[in-house]
Each structure stands twice: as structure tokens, then as C-alpha cells.
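Remarks on the structure that follows.
Below is the structure:
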């Protein structure tokens, strides 16, 4: 599954239009796209399940970071000069032909050693893009109780399309995208199950909060857990008391009301994020610890402010 041949075959059948499409698909796997999705789901659909999706994505990010650092395996362009990187960082192969020699084998040991020695970081296994896509799909299906099979199948196509784009663009091996899909599926289903029960179970909520604090400590102590992922996980849990106190009894309304909520909340989040970022820069406090605190405490604070503004503007209907 770490063979180069599937990637070379895909790239041999590529063209300009397909390359543009695959870049577009990968672009929707960036953090900004998921932030927009969360904003729409929170204030245009339902708050609690959407906040649960943030927990799911944070969990997926923690698992992916741990896998990448633990296995420390190279990407296709690191191990073979024939891979065309349809990306900005062309031409940095560390080995000429270092892909796996059989389906179940790893890349050549020399290629792995060169990656770890000469260009550590940015490891390939598992794919962040695919894990996040799979986590979001399984999380949405579980948290929003999507029952219709046509919608389930439509959603399930997204991580598969993302996997295809990452293979075609030369960013990942088949093993990377398969591993990412599995990690995302586990994070989506397990994270949704845990968060749904933590919303009403005090003991489980405290247990998850303790686990999130341990992950936050791990993020500050070493490279195995991403600071942003640990912060998102912690922030989603700390936001539960905010929802307990400020969440509206009803979240319905017509399309215009929902769009207005999204716009007002989006503006609030943008201003809050700008202020937090500015404060960190002015205080010269852009350290991992401060970034973690900004995620963990800033998220509940901005959410509370957005809910108060929406209630003040009458954009949530009274019970």
C-alpha cells in the first residue's frame, strides 16, 4: 500500500481540468472550510450537534498527529523522483526509487531514514485531509441522526473523493488515505457517541474533560499531539456549560432568519478571533501554551457572546 505505481497511473491519466478539480477538492479540506461548515451547522441548523462535530474534529486531529509522529513515514514525492507533485513544493525527492516493493511492504528503509534525518516533519501516514473528511461525515451522520440512505451515501462520497485527490496530487500513498479514513471513522463515531452522552452526563463530562487536559499537556510537552486539535477538543467541552445556560429552547425559523444568525455569529467569531490574535501579538505571547488557552477559553467566550447577541437581536424564536 506504499507502492508508487497507483500514483503514477493516476497522474499518467491526468489533465489540466482534472488537476484543477483535485486541487479544489483538497482546498475544501483546509481548516477554513471546516470552520465555515461548523458556523453554518451551529447557527443555521442545530447548536449542540454542531459543537459535537468540533469535538469530533479535535479528536481526529489528535489521533492523526499521534500517528504521523509515531510512524514518521515519508510521502510519495520524498521517495521517488517520478512522482509529479501537483503543488507548490516541486522537486524534493530524497530517494530515486524508494517506494514499497510489494503491497504490504513499507517504503525502502533508506528512504524512510533519509526522510527522518534530512527532512523531519510533514509525515504522510496518516492523511490529515482524509481523516478530517471521514470524521466530519461520520460525525454528521451520528450527531444529526441522518437516517436517509441517499444522504448517507452522498456524504460518504466526500472522504473517498478527498482520498482520490490526495493520491492524484502526489501527496499520499494508498496506505495513508486508507489509514486516514479508518482514523476519521473511529473519531467520528466514537467522538459523537461520547459527546452526545457528555451533554447530559456529568460524570462522563468530567472524565472527558480530564482526558482533554491530559491531551493538552501532551501537546505542550512534545510533538505527538497538535496544539490546535487539543485546544479544539478542550474548548468544545468547556462550551457545554455555555450551551446549558444560553442555548435557545428552539432553533427553527425561516431561511432569512437562519442566514441572519450565521452572518451575525460569523461576524462575532471573526471579530473575537481578530481581537484574540491581536492581544497575543501585542503581548508577544504566541507560544503553544497561549495558543492552547486561546482555543480552550476563547471558543466558549466567543460562543457565549454570539448567543447573547443573537438573543438580543431576536434571531432565536422564544420557546
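Residue numbers (this note's numbering): 1 to 319. Where a beta carbon is used, it is the ideal one built from N, C-alpha and C, also for glycine.
Residues bridged to residue i (per DSSP)
i, result
"residue 97", "80"
Contacts around residue i, its chain only, beta-carbon distance under 7 Å, and the 5 residues preceding and following it disregarded
i, result
"residue 154", "none"
"residue 100", "2, 3, 106 and 107"
"residue 252", "317"
"residue 290", "280"
"residue 200", "none"
"residue 140", "53, 146 and 155"
Extent of the continuous alpha helix (DSSP H) run through residue i
i, result
"residue 244", "240-246"
"residue 1", "It is not in any alpha helix (DSSP H) - residue 1 carries neither H nor E in the DSSP assignment."
"residue 117", "109-118"
"residue 122", "Per DSSP, residue 122 belongs to no alpha helix (DSSP H) and is neither H nor E."
"residue 43", "31-44"
"residue 264", "255-282"
"residue 26", "16-27"
"residue 74", "Segment: none, residue 74 is in no alpha helix (DSSP H) and carries neither H nor E."
"residue 128", "128-143"
"residue 146", "Per DSSP, residue 146 belongs to no alpha helix (DSSP H) and is neither H nor E."
C-alpha gap between residue i and residue j, whole angstroms
i, j, result
"residue 131", "residue 159", "8 Å"
"residue 241", "residue 235", "11 Å"
"residue 223", "residue 180", "19 Å"
"residue 71", "residue 80", "19 Å"
"residue 209", "residue 293", "14 Å"
"residue 46", "residue 12", "44 Å"
"residue 243", "residue 297", "14 Å"
"residue 194", "residue 157", "25 Å"
"residue 38", "residue 144", "13 Å"
Beta-carbon proximity list for residue i, same chain, < 6 Å, skipping 5 on both sides
i, result
"residue 248", "316"
"residue 127", "166, 172, 176, 177 and 180"
"residue 174", "1 and 6"
"residue 42", "50"
"residue 88", "Confidence at residue 88 is low in this model, with a pLDDT of 46, below 50, so the placement of that residue is unreliable and no value is reported for it."
Distance between beta carbons of residue j and residue i, contact taken as under 8 Å
i, j, result
"residue 133", "residue 29", "6 Å"
"residue 196", "residue 52", "6 Å"
Same chain, Cβ closer than 8 Å to residue i, five either side skipped, listed in chain order
i, result
"residue 232", "54, 55, 57, 58, 61, 295 and 299"
"residue 185", "134, 135 and 138"
"residue 311", "246 and 248"
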